[in-house]
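Residues in the sequence shown are numbered from 70 upward in steps of one, following my numbering.
For each residue, glycine too, the CB sits at the ideal point set by N, CA and C.
Every value quoted in this text rests on a predicted model; they were computed, and no experiment measured them.
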Amino acid sequence: MTQIFSWKNWKSKTLLGVCALTCLSLSGHIAIAAPQKEISDHQKKMAVRVVVLTAFEIGKDTGDQAGELQNWVEKYPLNKKIEAKDSYHGHYFYNEKDHVLGVLLGEGHTSTAQSLTALLKDPRFDFSHAYFVLAGIAGGNPHKISVGSVALARYVVNGGMSHMIDPRDMPKEWRDPYIPAQSSEPYPVPRPAAHSQAGDMVYDLNSSLVDWAFDKVSQYPLPDSEKLQNSRKAYADYPAAQKAPEVVIGDVISSETFWAGPHSNAWAERWVDYWTEGKGYFSTTAMEDLAVPLVLEREAKAGLVDSKRLLVFRSVSNFDMPPAGKETADLFKQGEEGYIGLDASVNNVYSVASIIVREISQHWQSYKMTVPQSESKA
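1. Would you decide whether A422 is buried or exposed? Buried here means 16 or more other CB atoms lie within 10 Å of its CB.
2. Got a sec? Which residues, its chain only, sit under 7 Å from Y307 by beta carbon, not counting five neighbours each side?
3. Measuring CB atoms only, is the stretch 327-339 touching the stretch 241-250, in the sense that at least three cross pairs come out at less than 8 Å?
4. Is Y343 helix, strand or coil when you go by DSSP?
5. So what does DSSP say about A135, is it helix, strand or coil?
6. Can you tell me where the alpha helix (DSSP H) holding N417 begins and where it ends?
7. Relative to the alpha-carbon of L365, which residue among A182, T123 and L147 has its alpha-carbon at the smallest distance?
8. Quick one: residues in its chain with C-beta nearer than 6 Å to the C-beta of W344, no 5 flanking neighbours on either side, listed in chain order?
9. State the DSSP-derived secondary structure class of T397, mapped to helix, strand or coil.
10. Three or more C-beta pairs under 8 Å: does that hold for the stretch 351-368 against the stretch 392-406?
11. Measuring straight from C-alpha to C-alpha, what distance separates G177 and T326?
12. For S414, collect the residues of the same chain with a Cβ closer than 7 Å to its Cβ; drop the 5 residues on either side in sequence, then sort them by chain order.
13. Alpha helix (DSSP H) containing D33: first to last residue?
14. Would you list, in sequence order, the uninterrupted alpha helix (DSSP H) runs of no fewer than 4 residues that lie entirely inside the stretch 108-179?
15. Please work out which residues of its chain come closer than 7 Å, Cβ to Cβ, to E428, disregarding the five sequence neighbours upstream and downstream, and give them in chain order.
16. Which one of V120, K241, A398 and F201 has the shortest CA to CA distance from P331?
17. Looking only at C-alpha atoms, which of T179, G171 and Q134 sits nearest to V117?
18. Runs of 4 residues minimum, wholly inside the stretch 214-291: which ones carry the alpha helix (DSSP H) assignment?
19. Considering only residues of the same chain and omitting the five flanking positions on each side of Q139, which have a CB-CB separation below 7 Å?
20. Is R339 near the ligand SAH, in the sense that its beta carbon is under 7 Å from a heavy atom of that ligand?
21. Hey, how far is the Cα of M230 from the Cα of W340?
22. Could you check where the alpha helix (DSSP H) with V484 kicks off and where it finishes?
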């Protein structure tokens with residue numbers, strides 16, 4: 070039966086400019102009690118090989134419409150439930166054979182940063198060689214990607230840290246109201262430092278690892294459907310939006326503001342181009358992504374993780390702007406009908422990301438000490 074969502078109960082499901090939602094509970098799984106503050110030296114930590122990071126679930130953890138985590142719990146499967154009282158969801162999910170841990174972070178940078186920091190400092194786990202796979206859904210740029218497609222990011226760009234002037238008050242010669250926090254005008258040259266006291270503006274992910282992963286999944290055949298085909302007709306003016314679902318390289322802008330519309334989309338294209346110095350391009354928009362590399366880099370300084378072992382997969386559930394002839398505000402009124410690719414994106418991001426998770430976890434001796442790189446670029 071199709072689940073109906075009200076704005077009150079599903080407000081965070083909006084993926085017009087960003088995506089994610091949270092809520093999870095699981096029954097029928099093995100529970101591990103929470104530890105004391107310290108684990109004695111003779112107790113062996115769980116050496117995690119891959120951590121799967123997700124942000125939201127719909128209803129229950131199993132047996133209903135899937136959010137970002139449910140496919141991992143049911144299909145991978147992550148069939149052990151581990152209590153974690155200081156986590157967003159109260160527990161994690163684990164596959165003992167493959168040493169794969171699934172985590173529900175919660176929405177946005179704040180919840181993500183808290184949840185991930187708590188996880189990495191949990192004395193029950195050893196993450197010193199772990200890979201981190203963020204697998205979620207997103208809003209998409211119709212100039213670059215189609216609904217249901219999966220994008221593997223090389224860059225994560227901060228779409229929230231800036232100065233901002235109301236467009237009605239900004240100088241007429243300005244194209245955008247957003248100004249780098251280190252500047253007094255948009256897009257100054259030279260570009261300010263990517264990481265400074267004014268914020269962390271862009272993360273350049275490990276390109277060798279990204280290229281290796283893309284080689285593994287780029288030809289994976291994603292399913293198309295009549296529903297998706299019909300939805301594409303409204304975006305006839307956008308060639309990229311007309312494509313059947315596919316796996317692509319595409320960068321993500323990360324912000325906690327649910328923005329939408331062609332003007333905001335154009336700003337995001339320019340903002341990503343600016344901060345990546347012309348090397349990246351805006352494909353998807355989501356909420357949690359910036360917090361993940363930020364936390365990993367800081368905890369790497371403490372020797373807890375290798376921050377170069379991160380992959381970000383995002384699958385498009387909807388576009389961040391309306392088709393020609395439609396009002397942007399109408400996107401917020403459509404409710405569930407506006408998320409034409411919700412089920413497809415949830416399933417596709419699992420299908421693609423799980424290929425990489427299984428490859429790493431089931432061939433651990435090849436990847437434990439050495440981060441893989443593309444054979445074509447080795």
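According to the structure shown:
1. Reading the sequence shown from its first residue, position 353 is the one you call residue 422. Classification for A422: buried.
2. Here residue 307 is taken as the residue at index 238 of the sequence shown, counted from 1. Correct list, in chain order: P211 and H212.
3. Output reads yes: the stretch 241-250 touches the stretch 327-339.
4. For the purposes of this step, residue 343 is identified with residue 274 of the sequence shown, where counting begins at 1. Reduced to three states, the DSSP call for Y343 is helix.
5. Indexing the sequence shown from 1 puts residue 135 at position 66. Correct three-state label for A135: coil.
6. Against the sequence shown, residue 417 aligns to sequence position 348. It spans L411 to Q431 - the alpha helix (DSSP H) in which N417 sits, taken as one unbroken run.
7. For the purposes of this step, residue 365 is taken as the residue at position 296 of the sequence shown. Considering only A182, T123 and L147, the residue with the shortest C-alpha distance to L365 is A182.
8. Locating residue 344 in the sequence shown gives position 275, counting from the first residue. Cβ within range, chain order: V226, M270 and V271.
9. In the sequence shown, residue 397 corresponds to position 328, counting from 1. In this structure, DSSP gives T397 a helical state, which the three-state scheme calls helix.
10. no
11. The residue labelled residue 177 in the question sits at position 108 within the sequence shown. The residue labelled residue 326 in the question sits at position 257 within the sequence shown. If I take the Cα positions, the gap works out to 9 Å.
12. On the sequence shown, residue 414 is found 345 positions in, with the first residue counted as 1. I206, G217, S384, V385 and S386.
13. With the chain running from 70 to 447 in the structure shown, residue 33 is simply not present.
14. 139-144
15. In the sequence shown, the residue the question calls residue 428 occupies position 359. Around E428: K285.
16. The residue given as residue 331 occupies position 262 in the sequence shown. Answer by Cα proximity: A398.
17. Here residue 117 is taken as the residue at index 48 of the sequence shown, counted from 1. Taking only the C-alpha atoms, the option nearest V117 is G171.
18. 276-286
19. Here residue 139 is taken as the residue at index 70 of the sequence shown, counted from 1. Closer than 7 Å at Cβ, skipping near neighbours: E126, D130 and T131.
20. With respect to the ligand SAH, the structure offers nothing, as it holds no ligand at all.
21. Taking the first residue of the sequence shown as position 1, residue 230 is located at position 161. Taking the first residue of the sequence shown as position 1, residue 340 is located at position 271. C-alpha separation (whole angstroms): 11 Å.
22. A query on residue 484 cannot be resolved here, the shown segment of the chain reaching from 70 to 447 and no further.
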